[in-house]
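Below: one structure, written as structure tokens.
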Amino acid sequence: APGPDAVTDPGRTAAGAQAPAGPAVGIVMGSDSDWPVMEAAAQALDEFEISYEVDVVSAHRMPQEMIAYGERAAGRGLKAIIAGAGGAAHLPGMLAAVTPLPVIGVPVPLKHLDGLDSLLSIVQMPAGVPVATVSVGGARNAGLLAARILAAHDDELLGRMQEFQRQLNEQATEKGRRLRA
Ligand code: RP5
Numbered sequence: 010a011p012g013p014d015a016v017t018d019p020g021r022t023a024a025g026a027q028a029p030a031g032p033a034v035g036i037v038m039g040s041d042s043d044w045p046v047m048e049a050a051a052q053a054l055d056e057f058e059i060s061y062e063v064d065v066v067s068a069h070r071m072p073q074e075m076i077a078y079g080e081r082a083a084g085r086g087l088k089a090i091i092a093g094a095g096g097a098a099h100l101p102g103m104l105a106a107v108t109p110l111p112v113i114g115v116p117v118p119l120k121h122l123d124g125l126d127s128l129l130s131i132v133q134m135p136a137g138v139p140v141a142t143v144s145v146g147g148a149r150n151a152g153l154l155a156a157r158i159l160a161a162h163d164d165e166l167l168g169r170m171q172e173f174q175r176q177l178n179e180q181a182t183e184k185g186r187r188l189r190a
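To convert, count from 1 in the sequence shown and add 9; that's UniProt numbering.
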């Protein structure tokens with residue numbers, strides 16, 4: 010998977026085939042120090058062969074660029090944004106304020122407060138400006154949620170999500186089987 014300061018090639022997919030003009034999902038974070046957590050979102054998108062870009066877009070250290078990113082996202086063809094940040098985590102909410110796209114917020118846990126600060130900063134959005142907030146450190150679910158958003162308009166992807174869910178069920182069932190044995 011690519012690092013956070015290298016935007017992936019537009020249209021890149023794990024399969025490399027049938028790539029749209031630009032990436033479908035933008036994964037952004039406040040700092041490259043968020044990448045070890047945010048990487049799981051990219052991994053989930055890779056598993057579903059969904060194209061994405063990765064970048065550092067800091068709400069506090071580069072506010073103008075952050076607003077520009079949000080304002081241009083839909084026009085560039087992105088369908089969803091996954092935004093992760095820690096501490097005073099204003100990035101997801103501020104992006105949601107300037108884009109009509111769905112924004113999924115990932116609270117990144119830092120050294121102090123165990124990510125509760127990040128969670129509360131992201132989840133308590135005012136009415137009218139939604140951010141779909143996943144659990145603290147829940148970047149994998151952010152990637153899976155982005156996949157579901159795309160699957161709502163893509164029957165082939167929807168089928169793969171159903172197969173993924175079938176496998177989850179199988180794995181959980183097997184765990185029970187092993188415990189009972
Ligand atoms: C936040 O500050 C970032 O999202 C990151 O979680 C945190 C610390 O950033 P660094 O000081 O590691 O760059 O804005």
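The beta-carbon is built from N, C-alpha and C at its ideal position, and this holds for glycine as well.
Residue i Cβ short of 8 Å to the ligand RP5 heavy atom set
| i | result |
| --- | --- |
| G114 | no |
| S144 | no |
| L125 | no |
| V132 | no |
| H121 | no |
| L153 | no |
| L100 | yes |
| V117 | yes |
| G84 | no |
| G93 | yes |
| H69 | yes |
| G96 | yes |
| M103 | no |
| G39 | yes |
| D64 | no |
| S60 | no |
| D163 | no |
| D43 | yes |
Residue of the options minimising C-alpha distance to residue i
| i | options | result |
| --- | --- | --- |
| P118 | D43, P135 and D64 | D43 |
| S40 | L188, L154 and A98 | A98 |
| V63 | G93, F57, P111 and A161 | G93 |
| F57 | A33, L87 and A136 | A33 |
| I91 | A148, A30 and L167 | A148 |
| V140 | A83, T108 and M71 | T108 |
| I158 | V46, I59 and Q133 | I59 |
| V143 | R169, L125, G114 and K120 | G114 |
| R169 | A83, K88 and D55 | D55 |
| P45 | P116, A190, R70 and P72 | P116 |
| I76 | A89, L100, K88 and Y61 | L100 |
| V112 | G95, V138 and H121 | V138 |
Inside the UniProt domain "PurE" (32–181) only - beta strand (DSSP E) runs reaching at least 3 residues: Unbroken beta strand (DSSP E) stretches of 3 residues or longer found wholly inside the UniProt domain "PurE" (32–181): 34–38, 61–65, 89–95 and 112–117, given in chain order.
At a cut of 8 Å, does the stretch 151–164 reach the stretch 46–53 through at least three beta carbon pairs? yes
At a cut of 8 Å, does the stretch 159–166 reach the stretch 125–132 through at least three beta carbon pairs? no
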